[in-house]
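>
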Amino acid sequence: MKAPAVIDQLAVLSDAIRVRMLAVLEGRELTVSELCDVVQLPQSTVSRHLKTLAEGDWVTSRRDGTRRLYTLPLDDVESSARRLWQVVREQASSSATLAHDERRLKQVLTRRRTQSEAFFSSSAGQWDRLREDLFGPTSHLRALVGLLDPDLVIGDLGCGTGAVSQLLSPFCDRIIAVDASKEMLEAARENLAGQKHVELRQGSLEKLPIENGELDIALMMLVLHHLPEPKRVLAEAARAVKPAGRVLILDMLPHEREEYRQTMGHVWLGFTDKQMTAWLHAAGFKGVRWRVLPAEPKAKGPSLFVATARRAPLQF
């Protein structure tokens, strides 16, 4: 006859060392070395008891680099075992030994924080470079795109080679990328290979190949200064976004670099706050917000601004 599970559970909890270890591991993760420091026992003893606890499904572990972390995941423990542990823990709560373990545990956790703080203290001057070397210069900015509602339909107007669509595509279910240049769209198609929810459409921004109200958000990233009639383009963007839909414009502040007209095909040498706000209002947008962006340390071009606005809702 097989013994009831509670007998096996009682057998595990009948050992004072295992009770101490479970009390320490409840709700936190520790390495074997840290656990040894807390319960003041040799590694061989701690490892032997951890093996028993793991076989009884009392503790779980996970690898973190070269170390392994152990914990008592109380919410995942079988219900009868959880109730039994709660009784044992309550009975043992007045133990002086457990109180000493708790004090040593605090010291171990403090040591962890101290080691982390020491790293940041010594690395403060080079932290940005270290993070850039590990994850790239824009990893933290890319993560912010995750705040977008994935159900939004976004128009990347004047998409060029598709860099913005490529950034947004992991977080959005549908992106419509438009450009007048066949060559740019070919480059975008190559860069966006495999991104099935990005639709590439060829057409001018003055006459978008987009239905009325098809977009939730229209993006124009460093595009307007290339176009002869920005006011007309903004009106077309207003047609393409839904009532209460939004537009976001990234472009240059006014500058005097006339050579850009010849070298990069610029039509406009930047825009003012007043100019952009008036055009957006004329196009049917409301609530214009304008922000000058901090200059990038290595940037050589003019300063940039970002302007956002919302299309006025329909009036009945």
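262 is the number that our numbering gives to position 276 of the sequence shown; each next residue is one higher, with no gaps. Even for Gly, the Cβ is constructed at its ideal location relative to N, Cα and C.
I'd like to check one pair, G270 with A224: are the Cβ atoms closer than 8 Å?
Result yes, Cβ atoms of A224 and G270 sit closer than 8 Å.
> Per DSSP, Y56 forms a beta bridge with which residues?
Bridge partners of Y56: L16, S47.
> Is there contact between the segment 186 to 197 and the segment 121 to 135, where contact requires at least three CB pairs shorter than 8 Å?
The segment 186 to 197 is not in contact with the segment 121 to 135.
> Beta-carbon separation of V10 and L91 under 8 Å?
Cβ distance < 8 Å, so V10 and L91 count as in contact.
> Evaluate G256 with the Cβ neighbour count: other Cβ atoms within 10 Å of its Cβ, from every protein chain shown; 16 or more gives buried, anything less gives exposed.
Buried, by the Cβ-count rule.
> Would you give the residue range spanned by the beta strand (DSSP E) that T294 belongs to?
Looking at the DSSP string, the run of the beta strand (DSSP E) that includes T294 is 290 to 297.
> Report, in whole angstroms, the separation of the C-beta atoms of L21 and L55, which I expect to be a contact under 8 Å.
Actually they are not in contact, since the Cβ atoms of L21 and L55 sit about 10 Å apart, beyond 8 Å.
> Just to confirm, is the Cβ distance from R14 to T57 under 8 Å?
Against a cut-off of 8 Å, the Cβ pair of T57 and R14 comes out as a contact.
> Mind reading off the beta-carbon distance from V164 to L201? Whole number of angstroms is fine, and I expect it under 8 Å.
Wrong, their Cβ atoms sit about 10 Å apart, outside the cutoff.
> Express the C-alpha separation of R49 and H267 in angstroms, rounding to a whole number.
Their backbone Cα atoms lie some 57 Å apart in a straight line.
> Between which two residues does the beta strand (DSSP E) containing K272 stretch?
Element bounds for K272: 271 to 278.
> Below 6 Å CB to CB, which residues in the same chain sit around R160 once its five sequence neighbours on both sides are set aside?
If we look at R160 and ignore the five residues flanking it on each side, its Cβ neighbours are V139, H183.
> Evaluate M206 with the Cβ neighbour count: other Cβ atoms within 10 Å of its Cβ, from every protein chain shown; 16 or more gives buried, anything less gives exposed.
Buried, by the Cβ-count rule.
> May I ask you to report which of helix, strand or coil DSSP gives M207?
Strand, per DSSP.
> Identify whether G132 lies in helix, strand or coil by the three-state DSSP scheme.
Of the three classes helix, strand and coil, the one that applies to G132 here is helix, per DSSP.
> Buried or exposed: where does M238 fall if 16 or more other Cβ atoms within 10 Å of its Cβ makes it buried?
Result: buried.
> When you compare each of A281, G199, R218, R97 to P299 by their alpha carbons, which one comes out closest?
For P299, the nearest C-alpha among the options comes from G199.
> Whole angstroms are fine: how far does the CA of S66 sit from the CA of L39?
Approximately 16 Å between the Cα atoms of the pair.
> Got a sec: does the ligand PLP put a non-hydrogen atom nearer than 7 Å to the Cβ of G180?
The ligand PLP is not part of the structure shown, which contains no ligands of any sort.
> Identify the residues that DSSP records as bridge partners of G360: which are they?
Shown here, the chain extends from -13 to 302; a query on residue 360 therefore has no answer.
> Of the residues D137, L208, E118, which one's Cα is nearest the Cα of G144?
If we check each option's Cα against that of G144, L208 comes out closest.
> Have a look at L234 and Q93 and give me their C-alpha separation to the nearest angstrom.
Those two C-alpha atoms are separated by around 51 Å.
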